[in-house]
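Residue numbers (the working numbering): 13 to 132.
So, in structure tokens, the structure goes:
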């Protein structure tokens with residue numbers, strides 16, 4: 013007379029428990045790493061001399077950036093793609109809970125075109 017499970021069934025159960033624990037752990041990690049929906053959208057704005065951008069949150073203007081950030085004066089982006097690229101970086105920083113300040117080095121690395129103004 014046998015009691016309960018065979019040796020083979022016990023072995024299978026011992027092997028599947030760690031599998032389910034691992035699968036559960038992978039699920040938790042993937043859920044925690046998913047991009048959070050921060051309800052931020054980009055609106056490219058046409059300015060008199062070029063382009064700017066707005067970051068829209070819940071259908072309201074959250075950031076209005078008519079000029080290239082970090083550059084003295086009022087220089088607009090040369091095209092909408094450069095404005096969008098910069099706005100995407102701002103949204104990425106907000107999503108990472110960073111202050112959305114853009115540096116000249118970041119502008120240079122994204123190949124954003126601007127003129128260096130010389131003061132006399």
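Don't be surprised by glycine CBs; every beta carbon is placed ideally from N, CA and C. Predicted model only: the values in this text are computed from it and were never measured.
Beta-carbon proximity check, residue i vs residue j, cutoff 8 angstroms
| i | j | result |
| --- | --- | --- |
| residue 95 | residue 89 | yes |
| residue 1 | residue 77 | In the structure displayed, the chain extends from 13 to 132; residue 1 sits before or after that span and is not available. |
| residue 103 | residue 52 | yes |
| residue 128 | residue 80 | no |
Given residue i as reference, the closest of the options once Cα atoms are compared
| i | options | result |
| --- | --- | --- |
| residue 68 | 93, 84, 99 and 80 | 99 |
| residue 118 | 26, 101 and 38 | 101 |
| residue 109 | 27, 50, 18 and 39 | 50 |
Residues near residue i in its chain [Cβ-Cβ closer than 7 angstroms; skip 5 each side]
| i | result |
| --- | --- |
| residue 56 | 63, 65, 92, 95 and 96 |
Contacting residues, own chain, Cβ-Cβ under 6 angstroms from residue i (five flanking each side not counted)
| i | result |
| --- | --- |
| residue 106 | 112 |
| residue 71 | none |
| residue 74 | 67 |
| residue 85 | 129 |
Contacting residues, own chain, Cβ-Cβ under 8 angstroms from residue i (five flanking each side not counted)
| i | result |
| --- | --- |
| residue 114 | 81, 82, 98, 101 and 102 |
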